[in-house]
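Asks: Pasting a structure below so you can have a look.
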Ligand SMILES: Nc1nc2c(ncn2[C@@H]2O[C@H](COP(=O)(O)OP(=O)(O)O)[C@@H](O)[C@H]2O)c(=O)[nH]1
Ligand SMILES: [Mg+2]
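Residue numbers (our numbering), protein chains in the order written: chain A, 10 to 195; chain B, 48 to 182.
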């Protein structure tokens, strides 16, 4: 497999832009605008179109990393980007009000991609809250999508090791699924 | 430092909203073929709309903010200097986007095909400049 297109999705402030900047080996393309919605996430800027970065995995594999805006009013970008991706890293911040239902809600928006490709969930900012949210997310996913195996990690999007591990897990997940599908249709 | 822009986003500042409505009304007078026009914040919130309307549909504002940001990203990427305007031409009309000079706001205007692109460009520039100066 020569090229992978991976999408970073999840609510505003989860760390999608940060994660792509951490992983990318090229200068990222970003579309940050002054953030006027400080109640939702208290940060200077917010993504209004996309983030784009690239990372090589081994000599032949290139991964294209796309991030989408987190705010729902940009959901047309979710639809557009979902079509070209083969895997999803869903980031949700642990200091959000209801982490479990946020994960379920966003996963539902990317269900098409989740069924076609692979998904990994990353819970960010848990250094600010402690480890409870991961259990909450396991419970929410088990209730909403029983029988679907979705790896869940606690991640810090600022940490290259964490993000590489998350990405590798996703790629392995996608390749396993591709191999299984190919085997099943032979 | 107290930054009033931070305390009061443009779309919630009655003064800015009022001036934006007037600017769009002027645009409508100067361009009879103007369909919809919107002033939006860089992050996609509607500040004012012409014709006036109360609606929760902010789709044009969101899409315009994405396109504006992508256009500016391309200009940056190719080191083309300062961005001017963006035009989308279609069989039934055209869409023009341009930054309100010096502001974190964008003007998006939809014209029907009767309007010449040249006129849309010059009229929208004047309205955007006057609006920026009036805030
Ligand atoms: N303490 C802490 N801060 C984080 C973590 N992940 C992200 N952040 C910060 O949270 C903010 C996330 O912003 P951003 O990447 O723009 O989020 P986006 O809206 O998902 O693109 C940034 O200021 C990050 O530095 C984390 O795991 N711990
Ligand atoms: Mg972002």
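Ideal Cβ positions, reconstructed from N, Cα and C, are used throughout, including at glycine. Since we're looking at a predicted model, the values are computed, not measured.
#1: Would you identify the three-state DSSP class for residue 173 of chain A, choosing helix, strand or coil?
#2: Just confirm the distance between the C-beta atoms of residue 40 of chain A and residue 90 of chain B, as a whole number of angstroms; I'd bet it's less than 8 angstroms.
#3: Go ahead and label residue 64 of chain A buried or exposed: buried means 16 or more other beta carbons lie within 10 angstroms of its beta carbon, across all protein chains shown.
#4: Assuming residue 119 of chain B is part of the alpha helix (DSSP H), what are its boundary residues?
#5: Is residue 124 of chain B close to chain A, meaning its C-beta is less than 8 angstroms from at least one C-beta of that chain?
#6: Can you give, in chain order, each stretch of the alpha helix (DSSP H) that sits fully within the segment 82–113 of chain A and has at least 4 residues?
#7: CB residue 84 of chain B to CB residue 181 of chain B, shorter than 8 angstroms?
#8: Counting only beta-carbon separations shorter than 8 angstroms, does residue 58 of chain A have a partner in chain B?
#9: Is the separation between the beta-carbon of residue 111 of chain B and that of residue 153 of chain B shorter than 8 angstroms?
#10: Tell whether a beta-carbon distance below 8 angstroms holds between residue 97 of chain A and residue 146 of chain A.
#11: Is the Cβ of residue 163 of chain B closer than 8 angstroms to any Cβ of chain A?
#12: Buried or exposed: residue 82 of chain A, going by 16 or more other Cβ atoms within 10 Å of its Cβ?
#13: For residue 134 of chain A, is the beta carbon positioned less than 7 angstroms from some heavy atom of ligand 1?
#14: For residue 134 of chain A, which residues from the same chain have a beta carbon less than 6 angstroms from its beta carbon, with the 5 sequence-adjacent residues on both sides left out?
#15: Give the straight-line distance between the Cα atoms of residue 72 of chain A and residue 177 of chain A, rounded to the nearest whole angstrom.
#16: Quick one: which residues of the segment 83–101 of chain A get their C-beta closer than 9 angstroms to a C-beta of chain E? List them in chain order.
Replies: In short, the structure shows the following:
#1: For this step, residue 173 of chain A is matched to residue 164 along the first chain. In the structure shown, residue 173 of chain A sits in a helix (DSSP, three-state: H, G or I).
#2: The residue you call residue 40 of chain A lines up with position 31 of the first chain. The residue you call residue 90 of chain B lines up with position 43 of the second chain. With a Cβ gap of about 10 angstroms, residue 40 of chain A and residue 90 of chain B do not count as contacting.
#3: Counting from one through the first chain, the residue named residue 64 of chain A turns up at place 55. Buried, since its Cβ has 16 or more Cβ neighbours within 10 Å.
#4: As a working note, residue 119 of chain B is residue 72 in the second chain. That run of the alpha helix (DSSP H) goes 106–124.
#5: Here residue 124 of chain B corresponds to residue number 77 of the second chain, with the count starting at 1. Yes, because at least one Cβ of chain A sits closer than 8 angstroms to the Cβ of residue 124 of chain B.
#6: 84–93
#7: Position 37 of the second chain, counting from 1, holds the residue named residue 84 of chain B. Position 134 of the second chain, counting from 1, holds the residue named residue 181 of chain B. Against a cut-off of 8 angstroms, the Cβ pair of residue 181 of chain B and residue 84 of chain B comes out as no contact.
#8: Locating residue 58 of chain A in the first chain gives position 49, counting from the first residue. Yes, residue 58 of chain A counts as interfacial toward chain B.
#9: As a working mapping, residue 111 of chain B is identified with position 64 in the second chain. As a working mapping, residue 153 of chain B is identified with position 106 in the second chain. Yes, they are a contact pair.
#10: Reading the first chain from its first residue, position 88 is the one you call residue 97 of chain A. Reading the first chain from its first residue, position 137 is the one you call residue 146 of chain A. Their beta carbons are not under 8 angstroms apart, which means residue 97 of chain A does not touch residue 146 of chain A by this criterion.
#11: Indexing the second chain from 1 puts residue 163 of chain B at position 116. Not one chain A Cβ lies under 8 angstroms of residue 163 of chain B.
#12: Taking the first residue of the first chain as position 1, residue 82 of chain A is located at position 73. Counting Cβ neighbours within 10 Å, residue 82 of chain A comes out buried, since at least 16 surround it.
#13: Residue numbering aside, residue 134 of chain A sits at position 125 when the first chain is read from its first letter. Checking every heavy atom of ligand 1 against the Cβ of residue 134 of chain A, one is found closer than 7 angstroms.
#14: Numbered from its first residue, the first chain carries residue 134 of chain A at position 125. Only 102, 103 and 104 meet the Cβ criterion.
#15: Walking along the first chain from the start, residue 72 of chain A turns up at place 63. Walking along the first chain from the start, residue 177 of chain A turns up at place 168. The alpha-carbon atoms of residue 72 of chain A and residue 177 of chain A are separated by roughly 10 angstroms.
#16: You won't find chain E in this structure, because its protein chains are A and B.
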